[in-house]
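If you're matching positions, the sequence shown starts at 6 in this note's numbering and goes up one per residue.
C-beta atoms are modelled at their ideal positions from N, C-alpha and C, and glycine is treated no differently.
All remarks here apply to the structure that follows.
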Amino acid sequence: MKYSLKTSFARLTLAVFSAVLVVTIFGRSVTVTGAWAFCKGWLVCAPAAPLGYLKLAHMLMVALASVLMILLLRKAWREQRDQNLLHPLTTVTGVLFFGQAFVGSILVTRGYPLHLVVLHTMSAIALWVSLGALVFVSGVLAEEPVEIVKFDFRQRAKDFLILSKPIIVLLLLVTTYSGLVAGSKAFPSASLTFWTLFGGALAAVGSSALNQYIDRELDKRMQRTAKRPLADGRLTAAEGLSYGLALSLISYYVMAGFVNLLAALLSLAGIFYYVIFYSVLLKKATVQNIVIGGGAGAIPPMVGWAAATGHLGLAAWILFAIVFFWTPPHFWALAIVRKKDYERAGVPMMPVVMGEEKTRKQILIYTVELVAVTLLLPLFDLAGTVYLISALVLGGLLLYAAWRVVKVEGNKVAWTMYRWSSMYLAFIFLAIMVDAVI
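And the structure:
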């Protein structure tokens with residue numbers, strides 16, 4: 006490996022490093038001298054004393070560093086999209102830079118809460134580590150493009166939308182909002198609703214992109230997933246990884262800055278659970294992958310509850326359990342329909358390993374357990390009559406669908422169970438919301 010500044014990308018990276026270094030020196034000087042008190046304002050300020058010019062200089066350097074960082078990100082996404090290390094490292098560095106600036110800008114207005122002070126410090130450390138690594142890696146790996154690819158931006162927007170799995174994200178947001186309303190016992194403020202759902206959406210989209218990055222080779226062997234953007238090559242692996250990492254990081258900044266620490270930590274836990282615990286460790290390792298991995302999708306309603314209350318009560322854990330027990334029958338029904346796909350991909354789903362007959366019985370067993378769990382809320386006086394009636398009606402319909410899966414052979418009833426279970430989850434959480442506000 007030979008380090009060189011021959012490429013324009015490496016030179017721009019070094020310029021960004023230098024600008025951030027100057028910003029850091031100026032920022033520390035402003036803090037030590039108290040210059041911030043003599044030039045109040047954001048973006049620009051009018052100095053009230055000579056020391057105020059130090060604060061103004063710092064703000065101007067922040068603006069310059071920001072412009073250089075944006076140019077570097079643009080260059081990476083246009084010219085280094087095949088670089089599996091350089092591209093994601095540049096993207097993460099950019100998110101850390103703007104994330105630290107974001108946290109720094111709200112510290113004063115929030116009264117310096119400890120978790121934001123820690124986040125600001127950790128962001129600074131991570132930024133310098135990533136910047137140092139980026140300077141080195143860009144000098145070793147960066148290449149001047151033979152030609153700049155002209156993108157079909159409409160197609161790329163469509164591909165990134167597919168990478169985001171919008172239908173699944175929408176279902177997760179329904180459960181998040183239900184937890185938010187149930188925790189508030191009323192419709193929450195527009196601000197809290199927006200930031201909770203926005204942060205939750207970013208976390209869900211980031212997790213989805215990282216999952217597809219990990220499964221890109223597996224997806225090529227499955228008919229259902231072969232046309233996904235990463236599997237089909239319409240987006241590069243580096244772009245998928247960068248997209249997922251960036252949105253996952255941004256989601257934490259949003260949750261920590263505009264919601265609360267517990268909601269942010271739960272959202273982050275959901276990302277790690279889905280990406281590392283399920284996608285990397287469980288999916289190809291055990292027939293219980295869906296059972297154990299179901300905890301990832303069960304975290305969003307807890308995020309909503311934590312956003313509303315700042316803590317987790319028994320009701321929040323029951324909401325978690327509802328999604329946890331819903332997940333196996335939902336995905337096993339799909340696995341029956343797509344059994345050959347999972348066989349080709351080598352994924353040990355229950356129909357592949359234990360056969361369809363046992364899977365159908367397990368679908369019914371877990372559905373019975375799911376309906377029983379939904380009745381815990383009224384049992385512990387955590388929900389009212391509207392929810393109780395809804396849970397009984399919806400549960401009865403879902404049990405009938407699961408019973409038909411056992412009694413009727415073929416994929417049609419399994420597909421019906423899969424589709425109905427999706428609607429069931431949306432309706433049961435809608436019932437939770439309605440009951441909470443009546």
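- Here the C-alpha atom of P93 lies approximately 6 Å from the C-alpha atom of L246.
- Between V411 and R365, the C-beta spacing is below 8 Å.
- Proximity of the stretch 47–57 to the stretch 77–95 falls short of the contact definition, fewer than three beta-carbon pairs being nearer than 8 Å.
- Beyond the five residues adjoining it in sequence on each side, L121 comes within less than 8 Å, by CB distance, of V108, I111, L112, R115, A261, G262 in the same chain, given in chain order.
- If you ignore the 5 residues before and after L101, its C-beta comes within less than 8 Å of the C-beta of S128, A131, L132, S135, L254, all in its own chain and listed in chain order.
- Between the stretch 279–295 and the stretch 148–166, the count of C-beta pairs closer than 8 Å stays below three; the two stretches do not touch.
- By the neighbour-count definition (other C-beta atoms within 10 Å, threshold 16), L119 is an exposed residue.
- Here the alpha carbon of T18 sits roughly 35 Å from the alpha carbon of V174.
- For Q160, the enclosing alpha helix (DSSP H) starts and ends at 158–168.
- Within the stretch 341–416, the runs of alpha helix (DSSP H) at least 4 residues long that lie entirely inside it are, in chain order, 344–350, 355–359, 361–379, 381–384, 390–412.
- Taking C-alpha positions only, S196 is separated from V264 by approximately 9 Å.
- If you draw a straight line from the Cα of M307 to the Cα of G315, it is about 10 Å long.
- Counting along the chain, no alpha helix (DSSP H) covers S284, and no H or E run does either.
- Within its own chain, the residues whose Cβ lies closer than 6 Å to the Cβ of G188, once the five positions on either side in sequence are excluded, are W310, A313, T314, listed in chain order.
- The Cβ atoms of A406 and W425 sit closer than 8 Å to each other.
- Taking every protein chain shown into account, the CB of T95 has 16 or more other CB atoms within 10 angstroms, so this residue is buried.
- Annotation: Q105 to Y58 spans about 23 Å, alpha carbon to alpha carbon.
- Contact check for P334 and T291: beta-carbon distance about 18 Å, past the 8 Å limit, so the pair fails to qualify.
- DSSP, read as helix, strand or coil, puts D87 in coil.
- With fewer than 16 other beta carbons inside 10 angstroms of its own, D157 counts as exposed.
- Excluding the 5 residues flanking it on each side, A338 has same chain C-beta neighbours closer than 8 Å at I368, V410, A419, W420, M422, Y423, S426, in chain order.
- Just so you know, the alpha carbons of A274 and G318 end up roughly 18 Å apart.
- In chain order, M66, V67, A70 place their CB closer than 6 Å to the CB of V28, counting only its own chain and leaving out the 5 sequence neighbours on each side.
- Where W310 is concerned, the enclosing alpha helix (DSSP H) starts and stops at 305–314.
- With 16 or more other Cβ atoms from the protein chains shown falling within 10 Å of its own Cβ, F43 counts as buried.
- Rounded to the nearest angstrom, the gap between the Cα atoms of K163 and L223 is 22 Å.
- Judged by DSSP in its simplified three-state form, D220 adopts coil rather than helix or strand.
- With a threshold of 16 other beta carbon atoms within 10 Å, I276 meets it and is buried.
- Contact between P305 and G401 does not hold, since the beta-carbon distance rounds to 26 Å and is not under 8 Å.
- In this structure, I443 places its C-beta atom within 8 Å of the C-beta atom of V391.
- Scanning its chain for C-beta atoms nearer than 7 Å, with the 5 sequence neighbours on each side dropped, one finds around L124 the residues V108, A261, in chain order.
- DSSP, reduced to helix, strand and coil, places N265 outside both helices and strands of the structure shown, so it counts as coil.
- DSSP places M64 in the helix class (H, G or I) of the three-state scheme.
- If the five residues before and after T230 are omitted, its C-beta is found closer than 7 Å to the C-beta atoms of D224, A236, all from its own chain and listed in chain order.
- Every alpha helix (DSSP H) stretch that sits fully inside the stretch 76–158 and reaches 4 residues is listed by chain position as 91–112, 119–146.
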